[in-house]
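Have a look at the structure below before the remarks.
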Amino acid sequence: MVFTDLRRGTESGTEMRRVVITGMGVVSPVGIGVESFWDSLTRGVSGIGPITRFDASRYASRIAGEVRAFDPDQHLPRRDVVRTDLFIQYALAAAQEAVAAAKISIVDRSDRVGVSVGCSVGGLPLLLRSYDQFLAEGPEVMSPYALPGFLPNMAAGWVSMRTGARGPIGAAATACAAGSQAIGDAFRAIQRGDADAMLAGGTDALIHPLIVTGFCALRALSRQNADPARASRPFDAGRDGFVLAEGAGILVLEALEVAQGRGANVYAELVGYGLSADAHHPTAPSTDGPTRAMSLALADAGVRPEDIDYVNAHGTSTPHNDANETRAIKQAFGSHAYRLAVSSTKSMTGHLIGGAGAIEAIATTLAIERGLLPPTINYETPDPECDLDYVPNVARKADVRVAISNAFAFGGTNATLVFRKAPSAKGRG
Amino acid sequence: MSLMEIPDLEDRVKQILTNRLGMSAAEITPDSRLVDDLGMDSLDAVELAIATERQFGLSISDEQVAKLVTVADIMKLVQQLTAERGSA
């Protein structure tokens, strides 16, 4: 098959190509691997615990969603491990799982398969270790592995190198929206015909003193250190900040025709993407920006607000975000907001920063595929400002036809992705 | 020039190749070729030089690194530079 023949024009009157999800991979605080991740999310298991990566006793927030029992040697050759910081290793492990699940052969058409993996700052821990060593011992000891090991685009670069994907490549660096934007970028690349498949997602591994103290200075992190599993409580009146976490999610996105042509299993269809800027404040959210991201995404998908059954919220558990996101959902959805199910899986995973949008895209895809909504755990005391249905504490069976996933970031970046039930085997979804 | 005995030389060189460059210990013999057998690339060559300098307290030039073909060549270079240092 000549894949480029499938390309359709994007001029008015011609259709963009449809994009489906055919593979997924996860490294997260609630599980390594999609099944373990989903099992935790639907059982309401928290991945938050005391910080063990370093001595956090002097910090206001001493808890995090650390990825437990990640042995890079199980996923990567040692030659790759010594050259990469953790954020790259997480992305490679997730990509490996996603490619295996998709049963996609990349070598056969490597120039038509691209990579889009976002993150916030890249390998900051390796960067700072290198700088400490440089300060202590001078320039002669700088390892040549250091710089290529921490650059933010190197997660995408390594995924490309290790899978052989030679198509379009990119690395959104839009903080907490990076994973969603990377998926949105990949979606557009396939729609336009620049690629037939994209390995897309996000990663971050930032449980480091400088990042924890930086977020503490912003008063952004939860201080509920005594009871880590209950610290991330999105939309609850007792929420007091987000819980920093780490990990990666990678999805295999594929043009519908190509996926059907090779008989691939399709989890769901990605049908819309909306992106907006707040033009407001470095860290404080606006209501207008997230509202427009959602409305633009629905319009892009060609669906009405009342078609949406489920919102996987950005839901960070900060006082500001959750009230603001609730307002934005009400503005974007009108009266339908009260009929929507809204949940924040960050209540269990914590906030993976650049990885968040990616693992949440996967959670949203699975909610559609399996007809089960992951809950918002630790929801105990309603907040008058947050008055929607947050799927409190227990997973709920639901027929989800269309769902959205939100990601909002410092810098005023707002990204919304729209997912729909997979087309039937005959391709008429 | 008589080369001095350096304790555990082979093991220490092997450890650099395994711990720092991530090469597989099982594949490393004195005859192993760094590029053709062990997959050494340009980044590894610099890492090898830095690690060897620190391990043995030597200074190694880029030209000397470029001439290394086998694991045994690293050992010989260490012996040679150690001897030169001793006689300097």
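So the protein sequences, as listed, match chains A and B. When we follow the numbering used here, the leftmost residue of the first sequence carries the number 1, and every step to the right adds one. When we follow the numbering used here, the leftmost residue of the second sequence carries the number 1001, and every step to the right adds one. Idealized CB from N, CA, C, for every residue including glycine. As the structure is a prediction and not an experimental result, all values here were calculated from the model.
Pull up the distance between the alpha-carbon of residue i and that of residue j, whole angstroms please.
{"i": "ASP71(A)", "j": "GLN331(A)", "result": "45 Å"}
{"i": "VAL30(A)", "j": "ASP1041(B)", "result": "37 Å"}
{"i": "ALA409(A)", "j": "LEU244(A)", "result": "14 Å"}
{"i": "PRO392(A)", "j": "HIS351(A)", "result": "19 Å"}
{"i": "GLY149(A)", "j": "LEU372(A)", "result": "39 Å"}
{"i": "THR213(A)", "j": "ALA407(A)", "result": "23 Å"}
{"i": "PRO375(A)", "j": "LEU128(A)", "result": "37 Å"}
{"i": "ARG78(A)", "j": "ILE329(A)", "result": "46 Å"}
{"i": "ALA248(A)", "j": "GLU325(A)", "result": "24 Å"}
{"i": "GLY201(A)", "j": "ALA102(A)", "result": "15 Å"}
{"i": "THR1052(B)", "j": "SER61(A)", "result": "41 Å"}
{"i": "ASP1031(B)", "j": "ASP1011(B)", "result": "14 Å"}
{"i": "VAL27(A)", "j": "SER1059(B)", "result": "42 Å"}
{"i": "PHE1039(B)", "j": "LEU76(A)", "result": "Here the sequence assigns Gly to residue 1039(B), which means Phe is not the residue at that position. Distance between the alpha carbons of GLY1039(B) and LEU76(A): 16 Å."}
Can you give me the Cβ contacts of residue i inside the same chain, cut-off strictly under 8 Å, excluding the 5 residues immediately before and after it?
{"i": "LEU6(A)", "result": "The pLDDT assigned to LEU6(A) is 39, lower than 50, so where the model puts this residue is not dependable, and the model offers no usable value."}
{"i": "ALA175(A)", "result": "SER120, ILE353, GLY354, ALA409, PHE410, GLY411, THR413"}
{"i": "ARG8(A)", "result": "Bear in mind that a pLDDT of 41 at ARG8(A), under 50, signals an unreliable position, so the number given afterwards is only what the model happens to contain. THR14, GLU15, MET16, ARG17, GLY193."}
Assuming residue i and residue j make a contact with CB atoms under 8 Å, what is their CB distance in whole Å?
{"i": "VAL342(A)", "j": "TYR267(A)", "result": "Not really, about 21 Å apart at Cβ, beyond 8 Å."}
{"i": "GLY315(A)", "j": "LYS346(A)", "result": "5 Å"}
{"i": "TYR273(A)", "j": "ALA297(A)", "result": "6 Å"}
{"i": "ALA395(A)", "j": "GLY44(A)", "result": "7 Å"}
{"i": "PHE419(A)", "j": "GLU306(A)", "result": "That belief does not hold up - the Cβ atoms of PHE419(A) and GLU306(A) are roughly 17 Å apart, past 8 Å."}
{"i": "VAL271(A)", "j": "GLY23(A)", "result": "Not a contact, Cβ separation roughly 18 Å."}
{"i": "ALA178(A)", "j": "GLY357(A)", "result": "7 Å"}
Which of the three DSSP states is assigned to residue i in this structure?
{"i": "THR213(A)", "result": "helix"}
{"i": "VAL99(A)", "result": "helix"}
{"i": "LYS1014(B)", "result": "helix"}
{"i": "MET1023(B)", "result": "coil"}
{"i": "THR416(A)", "result": "strand"}
{"i": "VAL141(A)", "result": "helix"}
{"i": "VAL1065(B)", "result": "helix"}
{"i": "PHE196(A)", "result": "Contrary to the premise, residue 196(A) reads as Asp rather than Phe in this sequence. Coil."}
{"i": "ARG58(A)", "result": "coil"}
{"i": "VAL311(A)", "result": "strand"}
{"i": "TYR273(A)", "result": "strand"}
{"i": "VAL303(A)", "result": "coil"}
{"i": "ALA363(A)", "result": "helix"}
{"i": "ILE377(A)", "result": "coil"}
{"i": "HIS208(A)", "result": "coil"}
Buried or exposed: where does residue i fall if 16 or more other Cβ atoms within 10 Å of its Cβ makes it buried?
{"i": "GLN74(A)", "result": "exposed"}
{"i": "LYS421(A)", "result": "buried"}
{"i": "PRO228(A)", "result": "buried"}
{"i": "ASP399(A)", "result": "exposed"}
{"i": "PHE54(A)", "result": "exposed"}
{"i": "VAL1098(B)", "result": "Chain B is shown from 1001 up to 1088; residue 1098(B) falls before or after that span and cannot be answered."}
{"i": "THR1029(B)", "result": "exposed"}
{"i": "THR381(A)", "result": "exposed"}
{"i": "ASN1019(B)", "result": "exposed"}
{"i": "GLY13(A)", "result": "Any reading at GLY13(A) must be qualified, since the residue scores a pLDDT of 48, below 50, and its modelled position is unreliable; the value itself is stated next. So GLY13(A) counts as exposed."}
{"i": "ARG292(A)", "result": "buried"}
{"i": "TYR338(A)", "result": "exposed"}
{"i": "GLU11(A)", "result": "Caution applies to GLU11(A), whose pLDDT of 46 falls short of 50 and renders its modelled position unreliable; the value that the coordinates give is listed next. Classification for GLU11(A): exposed."}
Ignore the nearest five residues each way along the sequence and tell me which others in residue i's own chain have a CB closer than 7 Å to its CB.
{"i": "PHE87(A)", "result": "CYS119, GLY122, GLY123, ALA155, THR203, ASP204, ALA205"}
{"i": "THR163(A)", "result": "ALA95, VAL99, ILE106, LEU199"}
{"i": "GLN1064(B)", "result": "LEU1077"}
{"i": "ASP185(A)", "result": "SER116, GLY170, ALA172"}
{"i": "ASN265(A)", "result": "THR22"}
Can you name, in chain order, every residue of its own chain whose Cβ lies under 6 Å from the Cβ of residue i, other than the five neighbours on each side?
{"i": "TYR145(A)", "result": "ARG83"}
{"i": "SER40(A)", "result": "VAL30, GLY31"}
{"i": "LYS1014(B)", "result": "ILE1028"}
{"i": "SER405(A)", "result": "ASN312, GLU360, ALA361, THR364, LEU417"}
{"i": "ARG166(A)", "result": "SER110, ASP111"}
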